[in-house]
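Heads up, the sequence shown is in the working numbering, so the first residue is 23 and it goes up one at a time. I have placed the structure first, in the form of structure tokens, so that the comments after it can refer back to it.
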Amino acid sequence: MGRPAGNRAHGAYREWPGRRHRAPLAWRQLRAGRNRNRWLRPLELLHRYDGHGRRRGLGPRWPPRPLRRCGMARARIALAIGGAAAASLMLACAGPRPEAPAAPPEPVGEALSDRAPAGGPELYYPPAEGPWETVDPAAAGWDAERLEAALALAEERDSTGVVILHRGRILAERHWTLDSPSRGHANGSYGRSDDGHAIEDVASVQKSVVAVLVGMARERGRLTLGDPVTDHLGRWTEASEDQERAVTLRHLMAMTTGLTPALEYEAAPGAKWLYNTPAYHHLLRVVAAAAGLDRNEVTREWLTGRLGMRDSTWKPRPWANSAIGTGFATTARDLARFGLFIQADGVWDGEPVIQDTDYLAEMLRPSQSLNPSYGLLWWVNGQGSSQSWAIPPVTTAGTLIPAAPPDLLAAQGARDRKLYVVPSLNLVVSRLGDAGSRDGSSFNDAFWERLIEAAPET
23 MGRPAGNRAH
33 GAYREWPGRR
43 HRAPLAWRQL
53 RAGRNRNRWL
63 RPLELLHRYD
73 GHGRRRGLGP
83 RWPPRPLRRC
93 GMARARIALA
103 IGGAAAASLM
113 LACAGPRPEA
123 PAAPPEPVGE
133 ALSDRAPAGG
143 PELYYPPAEG
153 PWETVDPAAA
163 GWDAERLEAA
173 LALAEERDST
183 GVVILHRGRI
193 LAERHWTLDS
203 PSRGHANGSY
213 GRSDDGHAIE
223 DVASVQKSVV
233 AVLVGMARER
243 GRLTLGDPVT
253 DHLGRWTEAS
263 EDQERAVTLR
273 HLMAMTTGLT
283 PALEYEAAPG
293 AKWLYNTPAY
303 HHLLRVVAAA
313 AGLDRNEVTR
323 EWLTGRLGMR
333 DSTWKPRPWA
343 NSAIGTGFAT
353 TARDLARFGL
363 FIQADGVWDG
373 EPVIQDTDYL
383 AEMLRPSQSL
393 NPSYGLLWWV
403 NGQGSSQSWA
413 IPPVTTAGTL
423 IPAAPPDLLA
433 AQGARDRKLY
443 VVPSLNLVVS
453 RLGDAGSRDG
463 SSFNDAFWER
473 LIEAAPET
């Protein structure tokens, strides 16, 4: 491996043959070449088939996460067992039980806590000030040479920053400067942090940040997901009053508003999936209004300030229309902090930043059956099909990122701004830069094929 983990290297931009500036990724099909290498290191191998009965590869089914072993947990377990025994005795003495109510319908998908084992050492949380601890790839079971190949691909694909965390420590990190950035990248660039790292508008990655803020507002009693958006904003669409009032916050987050990008009525809420960014952008207004703070104040006080995300802020987009006029600017390191917070189930350094873990679980599993690869403003791997964020969307059989572990969660934005969280590998990956997809080759597939080759054998 040419450079030790944790060192920052500034590589020269490599001109890609036949490069052409294309439309933003949000308006193109996300993926291509679905029949690529699958992830073949499961604990238990299960055959998977597509909708036509063809075998599509192998995938793992992970055991549930074990209980955390601590004194308080043991005390709670003891109380629960004692309480259950007492309840059983009381019921036995009380005669026949009344008929139990019908069980609620099973949620689609899995909760984060059900997707992979936690096990092993505790997570490391980097301090707001001072150095960030690193881990040697070989000591963590990774192939250093193949890990370097994944980083080389990221550099080749116009990345400006990649941070890879293993249990919170930096497994690998690189930062680059682009010699020939596209106009779109230049519009979303805000210079460099005190560490010399690029600060960029992460495009639709912001949606996953807002999803957490919505959960925090709900936890504080400021809103519910079933609230009509109109209750918080008044009139906000081109639909009739009755049609508009049927659109809830949940519909906004699941991308099932039934509205066009021009906010005109097209279908009943919940009947159609469409990646509707103009509709989504009203959600940040809802959170700010519910909190009684402006967008930067509520984000800093509730979330980024508590995670040490010093270089993260909301920025106006003078180059965009008013419907998508606010961007979330951050660094690869700050974005990795946010991913670590998600991996830790809403906890930061022992302190619950959001206590509503039921909400987090709902956020990180399929929110509807129309596009099972989409949760509440998060992308979910390991499902039977996915729809792209193109307009109109393109449906593809198979998982979102075939080369990646099925428990991968992703926040994705235009120009291939990415945040990946993989509980089964104790991994968080952030990527900033210009569009990394070339000639129909998805950055997701290409990068994860190389990263999985470097991952520890299971």
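Glycine is no exception: its CB is placed at the ideal position from the N, C-alpha and C atoms. Since this is a predicted model, take the numbers as computed values, not measurements.
Determine the DSSP secondary structure at residue i, reduced to helix, strand or coil.
i: Ala133; result: At Ala133, the pLDDT of 45 sits below 50, so the modelled position is not reliable; the number obtained from the coordinates is stated separately. Residue state, collapsed to three classes: coil.
i: Ala220; result: strand
i: Val320; result: helix
i: His303; result: coil
i: Val157; result: coil
i: Ile376; result: coil
i: Gly237; result: helix
i: Gln18; result: Only positions 23 to 480 of the chain appear in the structure, and residue 18 is not among them; the question remains open.
i: Pro415; result: coil
i: Glu475; result: helix
i: Lys440; result: strand
i: Tyr396; result: strand
i: Lys229; result: helix
i: Thr335; result: strand
i: Trp401; result: strand
i: Leu449; result: strand
i: Gly535; result: There is simply no residue 535 to check, as the chain begins at 23 and stops at 480 in what is shown.
i: Arg460; result: strand
i: Trp341; result: coil
i: Gly349; result: strand
i: Gly361; result: helix
i: Gln409; result: strand
i: Ala354; result: helix
i: Leu430; result: coil
i: Gly455; result: strand
i: Gly141; result: Only weak support is given to the placement of Gly141: the predicted model assigns it a pLDDT of 36, under 50, and the value that follows is read from those uncertain coordinates. Gly141: coil per DSSP, three-state reduction.
i: Gly368; result: coil
i: Ala48; result: Its pLDDT being 31, under 50, Ala48 is placed unreliably by the model, and the measurement read from it follows with that caveat. Note: Ala48 maps to helix in three-state DSSP.
i: Gly327; result: helix
i: Phe469; result: helix
Just checking my contact of residue i with residue j at CB under 8 Å: how many whole Å lie between their CB atoms?
i: Leu386; j: Val402; result: 7 Å
i: Val309; j: Val320; result: 6 Å
i: Glu7; j: Arg168; result: Given that the chain is displayed from residue 23 to residue 480, the structure contains no residue 7 and the question cannot be resolved.
i: Ala20; j: Arg472; result: The question about residue 20 has no answer, for the chain in this structure spans 23 to 480.
i: Ser226; j: Gln434; result: 6 Å
i: Gly183; j: His219; result: 6 Å
i: Tyr287; j: Trp411; result: Not really, about 21 Å apart at Cβ, beyond 8 Å.
i: Leu245; j: Leu271; result: 7 Å
i: Leu392; j: Trp295; result: 4 Å
i: Thr278; j: Ala301; result: Not a contact, Cβ separation roughly 10 Å.
i: Gln228; j: Phe350; result: 4 Å
i: Leu357; j: Val224; result: 7 Å
i: Ala468; j: Leu175; result: 6 Å
i: Trp400; j: Ser230; result: 5 Å
Do residue j and residue i have their beta-carbon atoms positioned less than 8 Å apart in this structure?
i: Ala268; j: Leu281; result: no
i: Thr348; j: His303; result: yes
i: Ile186; j: Trp154; result: no
i: Trp336; j: Arg317; result: yes
i: Ala312; j: Ala239; result: yes
i: Phe360; j: Trp370; result: no
i: Glu222; j: Arg439; result: yes
i: Ser395; j: Gln405; result: yes
i: Ala276; j: Leu398; result: yes
i: His481; j: Asp456; result: Residue numbering for the chain in the displayed model covers 23 to 480; residue 481 lies beyond these limits and cannot be assessed.
i: Asp378; j: Glu241; result: yes
i: Arg322; j: Ala150; result: no
i: Ile376; j: Gly152; result: no
i: Asp429; j: Ser408; result: no
i: Asp180; j: Gly458; result: yes
i: Trp341; j: Asn209; result: yes
i: Pro148; j: Gly330; result: yes
Examine the ligand SAH and report whether any of its heavy atoms sits within less than 7 Å of the Cβ of residue i.
i: Asp316; result: By its list of ligands, the structure shown contains no ligand whatsoever, and the ligand SAH lies outside what it can speak to.
Determine, for residue i, whether the minimum Cβ-Cβ distance to residues of chain D falls below 8 Å.
i: Asp264; result: Absence of chain D from the displayed structure is noted, only one protein chain being present.
Notebook entry, point to check: If you pair each beta-carbon of the stretch 320-333 with each one of the stretch 187-199, do three or more pairs fall below 8 Å?
Noted result: no
Checklist line | Whole runs of the alpha helix (DSSP H) within the stretch 148-208, excluding any shorter than 4 residues | finding: 166-178
Next item on the list: Would you check if the stretch 235-254 and the stretch 446-459 touch, i.e. whether three or more CB-CB distances between them fall below 8 Å?
Entry: no
Check: Is it true that the stretch 148-163 meets the stretch 411-425, where meeting means three or more beta-carbon pairs spaced less than 8 Å apart?
Finding: no
Notebook entry, point to check: Of all the beta strand (DSSP E) runs that stay within the bounds of the stretch 241-309, which reach a length of 3 or more residues?
Noted result: none
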